[in-house]
Every structure is written in structure tokens, then in C-alpha cells.
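What follows is a set of notes on a single structure, which appears directly below.
Put into C-alpha cells, the structure is as follows:
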């Protein structure tokens with residue numbers, strides 16, 4: 008006969024990913040002539056639960072290199088941009104996220120694209136993709152059998168005769 012036991016463990020109870028494309032603007036001190044480069048560094052983020060959704064708060068530093076004065080001089084704009092993204096994560100079970108751990112991974116690092124000059128303002132798009140895992144308590148049901156395996160009995164009784172046989176077989180000059 009067998010019965011069942013429940014094991015409580017932590018497991019991934021919800022998982023999802025989302026692609027984001029957001030528009031941003033920065034102001035420059037002068038009217039840019041040409042955009043020479045745009046790069047993103049110092050991307051930081053953290054996820055937490057809000058209701059039935061996961062919220063990711065993050066920030067990154069954007070550096071936009073541009074020329075001005077008819078392409079005779081250059082400058083770099085450095086600005087920290089903060090974001091707040093809401094993600095609805097699907098779960099296989101009806102679970103409560105409040106006691107869960109949120110793991111956020113960057114599947115596609117933020118990248119800058121579609122940069123345009125509008126007077127003293129530089130408009131650009133930021134694309135990124137985030138993956139979310141919700142880790143929480145879950146139960147695993149296992150079958151337990153009542154039948155015990157028989158224990159094998161080992162005879163460790165060593166007699167004097169056995170010890171004498173071992174002493175006779177040992178070659179003390181084996182290293183020579």
C-alpha cells in the first residue's frame with residue numbers, strides 16, 4: 008500500500024517577457040547640426056509586486072554625442088533617465104504574488120535608435136526587453152511506499168585465522 012506526502016518548496020510559479028519601445032527627449036545648450044553617436048550605460052533595475060502585476064523600476068545613463076556650429080564643434084549630453092514599467096505575468100496556478108520573489112533579467116539591453124534633432128531638443132527611442140520570473144512557495148505531491156527494502160547484513164567478524172592469512176600475503180618489499 009502507498010500513500011502521498013506533500014513537499015513545500017520554492018519554484019518558478021510565473022514567467023513572462025515584454026518588449027518596450029519608449030520615446031524620450033533631452034535639451035541641448037546649442038542647436039545640434041548632426042548626431043554623432045548615442046550610447047547607454049549603467050542600466051539598473053529592480054522588480055516588485057503591485058497587485059496582480061509586476062512593476063520594474065529602473066534607470067540608465069544616456070550619452071548623446073553631437074556636433075554643432077556647422078559641424079565644427081562637438082559636445083556630449085549626459086543624462087540619467089528613470090523608467091517604470093508594468094508587466095502582467097501569467098501564472099499556471101492561482102497564486103498570491105505578495106510572498107513571492109521577483110527576478111528580473113534583461114533579455115535585450117537598452118539601445119538607442121531613431122535619433123532626431125528638433126531645434127535644441129534631441130528626440131530618440133529606447134528599445135529594451137525584460138524577462139520576469141516569479142518564485143514562490145508551491146507544493147509537490149509524492150507517492151510514499153510503506154514497504155521497506157530489506158537490509159543486507161554484512162558479516163564483519165574477522166577471526167585470528169583471517170588476520171594471519173592477510174599478514175602472510177603482504178609483501179613488505181613491494182617498493183624495491
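Residue numbers (the numbering used here): 8 to 183. We put the CB at the ideal spot given by N, CA and C, even for glycine. None of these values were measured; they are calculated from a predicted model.
| said: Am I right that residue 142 and residue 110 are in contact with their C-beta atoms under 8 Å? What's the rounded C-beta distance? | reply: With a contact defined as Cβ atoms closer than 8 Å, residue 142 and residue 110 qualify at about 6 Å.
| said: If we require 3 or more residues per run, which beta strand (DSSP E) segments fall completely within the region 49-85? | reply: Every unbroken stretch of the beta strand (DSSP E) spanning 3 or more residues and falling wholly within the region 49-85 is given here in chain order: 60-75.
| query | The beta strand (DSSP E) spanning residue 128 covers which residue range? | reply | First-last of the beta strand (DSSP E) with residue 128: 128-152.
| Would you report the Cα separation of residue 138 and residue 95, rounded to the nearest angstrom? | Annotation: residue 138 to residue 95 spans about 11 Å, alpha carbon to alpha carbon.
| First through last residue of the alpha helix (DSSP H) which encompasses residue 172 | Start and end: 167-176.
| If you draw a straight line from the alpha carbon of residue 125 to that of residue 59, how long is it in whole angstroms? | The alpha-carbon atoms of residue 125 and residue 59 are separated by roughly 40 Å.
| query | Roughly how far, in whole angstroms, is the beta-carbon of residue 74 from the beta-carbon of residue 43, given that I think they are within contact range, below 8 Å? | reply | Rounded, the Cβ-Cβ distance is 6 Å, consistent with contact.
| Could you give the distance in angstroms between the alpha-carbon of residue 112 and the alpha-carbon of residue 157? | Distance from the CA atom of residue 112 to the CA atom of residue 157, rounded to whole angstroms, is 49 Å.
| query | When the Cα of residue 25 is compared with those of 81, 72, 117 and 154, which residue comes out closest? | reply | Minimum Cα distance to residue 25 is reached at 117.
| query | Where does residue 181 fall in DSSP's three states? | reply | Coil, per DSSP.
| said: So, with DSSP's three-state summary, where would you put residue 161? | reply: The three-state secondary structure of residue 161, taken from DSSP, is coil.
| Touch check for the region 70-88 and the region 24-41: three-plus C-beta pairs under 8 Å? | Touching, per the Cβ criterion.
| Do residue 30 and residue 130 have their C-beta atoms closer together than 8 Å? | Result yes, Cβ atoms of residue 30 and residue 130 sit closer than 8 Å.
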